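Visitor: Residue numbers (UniProt numbering): 1 to 311.
For glycine and all other residues, C-beta sits at the position ideal for the given N, C-alpha and C.
Remember, predicted model here, so these are calculated numbers, not experimental data.
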């Protein structure tokens, strides 16, 4: 029977036991715990060794560590396959969901998160209209591309986190990482419901934290990761689905920033810089500090810098 053995730290063993709470079974002598999943049986020992044994032990083993060889002792896995959360290159050419966000490093404006489902047949069409990494596109190009994507009837889900809500969550103790996790999770759930009964070949999230941290945030809110979810940094450079989601999210962010300028009659610059500090000071002078709670992420250092500009 195929098997994989990993040597893991005690802290990881504790996380594993919690993760497999609903799958625990009677453990053999000297074992810390044992669990059974659809793919294999898992037995953890006090020595730190964990035995994954069954038809497909690598499925569970790769969640916790690198698997240098196949269960039968064959060829080594490629670098891209060593982690269960890293996608196989085949995903990029398949019908899959991508998700990305915008506005996280900007003092002004909401965080926007989008998830988009792109079929393998639509990939060349999206490439043909110019869909690519949004970091290489101007705001005007992003706005126009977002309209084209909508016209193509690409299924997507878009969430906006207003700064008033952002600041409430931040004061409650939520990190920005947790906020982004829950937004991505909700956007993905909504999109999966929208395209049902069709199922994607996989889900790729533009990685902003380690997968185990992402899962920890989900567990803290009694949520679980969807099936076939992968994480990858700079994913929008490889996946048209992520690039599509990135354009939708960025377009919504740009629209929100333009609306703020219209509503306040003041320049609202993107990012975080001296120019942003002065813009925040102008908001305080014109509308008072409480207005920033609606327009900005007030825990940024920009807030204190802006107050120094106010006479």
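(1) Assuming residue 149 and residue 247 are in contact, meaning their beta carbons sit under 8 Å apart, how far apart are those beta carbons, in whole angstroms?
(2) Taking the alpha carbon of residue 91 as the point to measure from, which residue in 224, 180 and 229 has its own alpha carbon closest?
(3) Please confirm whether residue 35 and residue 24 have their CB atoms less than 8 Å apart.
(4) Could you check if residue 330 is buried or exposed, using at least 16 other CB atoms within 10 Å of its CB as the buried criterion?
(5) So, with DSSP's three-state summary, where would you put residue 78?
(6) Cutting at 7 Å between CB atoms, please list the residues of its own chain near residue 71, excluding the five before and the five after it.
(7) Starting from residue 139 and walking both ways along the alpha helix (DSSP H), at which residues does that stretch end?
(8) Residue range of the beta strand (DSSP E) that residue 31 falls in?
(9) Is the beta carbon of residue 182 sitting closer than 8 Å to the one on residue 207?
(10) Locate the alpha helix (DSSP H) running through residue 284, then write down its first and last residues.
(11) Confirm, please, whether the CB-CB distance from residue 101 to residue 165 is below 8 Å.
(12) How long is the line joining the alpha carbons of residue 383 and residue 26, rounded to whole angstroms?
(13) Whose CA, out of 297, 237, 303 and 37, lies closest to the CA of residue 282?
(14) Straight-line CA distance for residue 161 to residue 29?
(15) Ordered along the chain, which non-local residues of its own chain (more than five positions away) have a Cβ less than 6 Å from that of residue 209?
(16) So which of 289, 293, 46 and 215 has the shortest CA-CA distance to residue 308?
(17) When the Cα of residue 39 is compared with those of 45, 51, 33 and 46, which residue comes out closest?
(18) Please classify residue 347: does DSSP put it in a helix, a strand, or coil?
(19) Is residue 93 near the ligand ATP, judged by its Cβ being under 7 Å from some heavy atom?
(20) Measure the beta-carbon distance from residue 249 to residue 112 and round it to whole angstroms, keeping in mind my assumption that it falls under 8 Å.
(21) Just to check my reading of the structure: residue 256 and residue 107 have Cβ atoms closer than 8 Å, yes? What is that Cβ distance to the nearest angstrom?
(22) Using beta-carbon positions only, say whether residue 244 and residue 116 come within less than 8 Å of one another.
Guide: So, to answer that:
(1) Here residue 149 refers to the residue found at position 149 of the chain shown. Here residue 247 refers to the residue found at position 247 of the chain shown. Contact flag correct, Cβ pair sits at about 7 Å.
(2) Counted from its first residue, the chain shown places residue 91 at position 91. With distances taken between Cα atoms, residue 91 lies closest to 229.
(3) What you label residue 35 is simply residue 35 of the chain shown in a count that begins at 1. What you label residue 24 is simply residue 24 of the chain shown in a count that begins at 1. Yes.
(4) In this structure the chain extends from 1 to 311, so residue 330 is not present and cannot be described.
(5) On the chain shown, residue 78 is found 78 positions in, with the first residue counted as 1. Confidence in residue 78 is poor, its pLDDT being 39 and thus under 50, which makes the residue's placement too unreliable to answer from.
(6) Looking up residue 71 in the chain shown gives position 71. Reliability fails at residue 71, whose pLDDT of 35 lies under 50, so the model's placement of it is uncertain and no value is given.
(7) As a first step, residue 139 is located in the chain shown; it is residue number 139 there, counting from the start. Where residue 139 is concerned, the enclosing alpha helix (DSSP H) stretches over 139-151.
(8) On the chain shown, position 31 is the one that residue 31 refers to. Note, residue 31: beta strand (DSSP E), 31-36.
(9) Here residue 182 is taken as the residue at index 182 of the chain shown, counted from 1. Here residue 207 is taken as the residue at index 207 of the chain shown, counted from 1. The answer is no: Cβ separation not under 8 Å.
(10) Within the chain shown, the letter at position 284 stands for residue 284. Looking at the DSSP string, the run of the alpha helix (DSSP H) that includes residue 284 is 274-287.
(11) Here residue 165 is taken as the residue at index 165 of the chain shown, counted from 1. Here residue 101 is taken as the residue at index 101 of the chain shown, counted from 1. Not a contact, by the Cβ cut-off of 8 Å.
(12) Absent from the structure is residue 383, since the part of the chain shown begins at 1 and ends at 311.
(13) Looking up residue 282 in the chain shown gives position 282. For residue 282, the nearest C-alpha among the options comes from 303.
(14) By one-based count along the chain shown, residue 161 stands at place 161. By one-based count along the chain shown, residue 29 stands at place 29. Cα-Cα distance, rounded: 50 Å.
(15) As a first step, residue 209 must be located in the chain shown, where it is residue number 209. Result list for residue 209: 177, in chain order.
(16) Here residue 308 is taken as the residue at index 308 of the chain shown, counted from 1. Looking at the Cα atoms, 289 is the closest of the given residues.
(17) If you number the chain shown from 1, residue 39 lands on position 39. Ranking 45, 51, 33 and 46 by Cα distance to residue 39 puts 51 first.
(18) Lying outside 1 to 311, the shown extent of the chain, residue 347 is not represented and no answer is given.
(19) The ligand ATP is absent from the structure shown, which contains no ligand whatsoever.
(20) Translated into positions along the chain shown, residue 249 becomes position 249. Translated into positions along the chain shown, residue 112 becomes position 112. Their Cβ separation, rounded to whole angstroms, is 4 Å, which keeps residue 249 and residue 112 in contact under 8 Å.
(21) In the chain shown, the residue the question calls residue 256 occupies position 256. In the chain shown, the residue the question calls residue 107 occupies position 107. Their Cβ separation, rounded to whole angstroms, is 13 Å, which puts residue 256 and residue 107 out of contact at 8 Å.
(22) Looking up residue 244 in the chain shown gives position 244. Looking up residue 116 in the chain shown gives position 116. Closer than 8 Å, so yes.
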